[in-house]
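The opening residue of the sequence shown carries number 494 in this note's numbering; numbering runs sequentially from there.
Backbone N, C-alpha and C fix where the C-beta goes; we use that ideal spot for every residue, glycine too.
Working notes, beginning with the structure itself.
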Amino acid sequence: MFVLQWKIDDKPVKIDKWDGSAVKNSLDDSAKKVLLEKYKYVENFGLIDGRLTICTISCFFAIVALIWDYMHPFPESKPVLALCVISYPLFMLRKDPTGMDPDDIWQLSSSLKRFDDKYTLKLTFISGRTKQQREAEFTKSIAKFFDHSGTLVMDAYEPEISRLHDSLATERKIK
494 MFVLQWKIDD KPVKIDKWDG SAVKNSLDDS AKKVLLEKYK YVENFGLIDG RLTICTISCF
554 FAIVALIWDY MHPFPESKPV LALCVISYPL FMLRKDPTGM DPDDIWQLSS SLKRFDDKYT
614 LKLTFISGRT KQQREAEFTK SIAKFFDHSG TLVMDAYEPE ISRLHDSLAT ERKIK
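Right, dumping it as structure tokens:
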């Protein structure tokens, strides 16, 4: 049975059940793990990588402007400073080429309000070909997913995630 394999780093997920951030993070990580391991999806780090690239380039422009301004004081460095300032937004406007048949996208998002026991998990499916978007979500008490000692009960949590996924996957096959 799939649920028997559920451990992060070969240990059961155990948290302080009164720490809302720890509860939400453990549920989020476990939901991601279900999608990655059970359904064999691949996590996309494109957004994070893109942000790191933009930050790296902006730091490069800032360093070039700083060094140039140090070597050639302000009135003389005005064109280089202007070029560095203008080139950053221009870089951000470039688009990446797309593939012939883009991948389908599955997105997880969750919320757990402060001092509330209601955890909401939303799964969104975006078709790569049609760009149509469908969503499914559930809102349950976190008490359903943790035992009295704060250990995550995957036997209770994994079926909820699978139900969300399967409801969107079957809609996709029917259409």
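Just so you know, the alpha carbons of residue 621 and residue 599 end up roughly 10 Å apart.
Residues 651 and 654 of the same chain have their beta carbon placed closer than 6 Å to that of residue 527, with the five preceding and five following residues left out of the count. Under DSSP, residue 608 shares a beta bridge with no residue. Fewer than three beta-carbon pairs drawn from the segment 633-650 and the segment 545-558 are found closer than 8 Å, and the two stretches are therefore not classed as touching. Collapsing the DSSP output to three states places residue 507 in a strand.
Remark: C-beta atoms of residue 617 and residue 604 do not approach each other more closely than 9 Å.
The three-state secondary structure of residue 642, taken from DSSP, is coil. In the three-state reduction of the DSSP assignment, residue 627 falls in the strand class, which pools E and B.
Within the same chain, no Cβ atom closer than 7 Å to the Cβ of residue 556 is found once the five residues on either side in sequence are excluded.
In this structure, the alpha-carbon of residue 657 lies about 18 Å from that of residue 535.
For the set 639, 533, 529 and 608, the Cα lying nearest the Cα of residue 507 is the one of 639. Between the alpha carbons of residue 625 and residue 619 lies a distance of about 6 Å.
Residue pairing for residue 613: DSSP places it in a beta bridge opposite 604 and 632. Taken through DSSP and simplified to helix, strand or coil, residue 538 comes out as coil. Checking the DSSP bridge columns, you'll see residue 561 has no partner listed.
Sequence-distant Cβ neighbours of residue 532 in its own chain, meaning closer than 7 Å and more than five residues away, are 658.
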